[in-house]
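Beneath this line is the structure, given in structure tokens, with notes to follow.
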Amino acid sequence: MTDTRRRPPAWSSRPYSEPDREAVLALFEEPDFHYRTEQPDTRSAAEIQRLLDDDTQVLLADGRVVGLYALSAEGVEHGCHYLLTLRLSGAVPEAWWSSAYAEVVAAARWRHEIVRLSVRFATHDERGLRSARATGLTEEGILAGVTARDGARHGRVYFSQVWSPVS
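Last residue of the sequence shown: number 924 in this note's numbering, and the count goes up by one each step with no gaps.
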């Protein structure tokens with residue numbers, strides 16, 4: 758068995774489907790698996806299913822389900838601006854986030870022209886914020902008081918990465 762603490766895993770992904778259901782539901786048992794929800798461990802299986810749109814991809818590390826992501830267009834069609842929703846299990850090393858982000862973005866840029874990619878995390882999401890900062894994303898600012906968790910209002914931190922348009 759390889760030592761995954763020393764090297765990133767072999768990343769792969771596939772569209773979410775029924776065979777992934779059990780592994781994906783297990784991810785939402787983690788209290789900080791904030792994939793399209795602020796309180797994942799309080800969601801029923803039916804509520805979780807509604808979070809998994811057609812754009813949801815299951816992220817695998819060395820063939821094992823470790824996260825989810827979705828890439829969606831933002832703004833006008835053909836604007837080359839996208840939103841990436843990415844979440845990894847708390848059971849994997851935080852160092853994997855940068856590697857996963859790089860692989861997901863490389864695959865997305867192979868399929869789409871991307872000029873601006875946005876990534877967002879709630880101000881209470883310490884793991885997500887650490888990961889975005891460690892990945893070197895540009896921190897753009899905070900929209901205050903837009904999410905609720907544990908009886909308090911929290912902001913959303915906006916991060917981005919920008920590339921020159923293809924000429």
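Think of the CB as a built atom: it goes at the ideal place given N, C-alpha and C, for glycine as much as any other residue.
- The beta strand (DSSP E) runs of length 3 or more contained entirely in the segment 834-887 are, from start to end of the chain, 838-845, 873-879.
- Scanning Gly820, Leu784, Ser875, Ala830 for the CA closest to the CA of Leu808 turns up Leu784.
- When the alpha-carbon of Val914 is set against those of Gly908, Val923, Leu894, the nearest one is in Leu894.
- Here Gln796 carries a coil assignment [DSSP, helix/strand/coil].
- Per the DSSP secondary-structure output, Thr904 pairs in a beta bridge with His911.
- Taking every protein chain shown into account, the CB of Leu843 has 16 or more other CB atoms within 10 angstroms, so this residue is buried.
- DSSP lists Leu874 as the bridge partner or partners of Gln918.
- Secondary structure of Leu816 (DSSP, three-state): strand.
- Residue state for Val781 is assigned as helix, using DSSP reduced to three classes.
- Nearest to Pro922 by C-alpha distance, out of Pro776, Ala802, Leu816, Gly836, is Gly836.
- When DSSP states are grouped into helix, strand and coil, Arg890 belongs to the helix group.
- Under DSSP, Glu896 forms a beta bridge with Phe916.
- Sixteen is the threshold: since fewer than 16 other Cβ atoms of the shown chains lie within 10 Å of the Cβ of Ser774, the residue is exposed.
- DSSP places Arg807 within a helical segment (H, G or I) once states are collapsed to three.
- By a beta-carbon distance limit of 8 Å, Ala905 does not contact Glu804. Their separation comes to about 16 Å.
- The continuous stretches of beta strand (DSSP E) do not include Ser774, and DSSP gives it neither H nor E.
- From the listed residues Glu851, Arg800, Ala818, the smallest Cα separation to Glu883 is found for Glu851.
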